[in-house]
Amino acid sequence: MSVSPEQFASFIWKVSYCESGHKVKAKGKDAAGSLGLWQMTADTRKKLKVRHGGLSVQAENYFKFLAAGGNKLKW
-19 MSVSPEQFAS FIWKVSYCES GHKVKAKGKD AAGSLGLWQM TADTRKKLKV RHGGLSVQAE
41 NYFKFLAAGG NKLKW
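Position one of the sequence shown corresponds to residue -19 (the numbering used here), numbered consecutively onward.
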C-alpha cells in the first residue's frame, strides 16, 4: 500500500502531537530520557547516531528512525 506525501505529513503531524504536543523542547515524564517532538530516548538516539536539536534536526532524526524501521512499518 502506498501513502501520499499529504497522508504521510498528516500522520507525522498527529504523531508529533501525541508525543510532545508539538513542543520541540518537550521532555518525557519517564526516566528514559525522552526528548523532542517525537520523544526519542537517549538509547534510540545513540543507536541511530542522531542528535537532539531544533525542528530541522528533529525532522532529520525522525526520518532516520523511519528508515531504520523500514519494512517493519505497517500502514
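Just so it is clear, CB atoms sit at the ideal spot from N, CA and C, and this is done for glycine as well. Quantities reported herein were computed from a predicted structural model and do not represent experimental measurements.
Relative to Ser0, the option among Pro(-15), Lys27, Gly16 and Ala39 whose CA is nearest is Gly16. Residues of the same chain with a CB within less than 8 Å of the CB of Gly8, apart from the 5 flanking positions on each side, are Ser14, Leu15, Gln19 and Thr21 in chain order. Pairing Ser(-10) with Ala39, the inter-Cα distance amounts to about 14 Å. Under DSSP, Met(-19) shares a beta bridge with no residue.
For secondary structure counted as the alpha helix (DSSP H) over 4 or more consecutive residues, the region -16 to 26 holds these complete runs in sequence order: -15 to 0.
The three-state secondary structure of Val30, taken from DSSP, is coil. For Ser(-4), the CB contacts under 8 Å within the same chain, skipping 5 residues up- and downstream, are His2, Leu17 and Trp18 in chain order.
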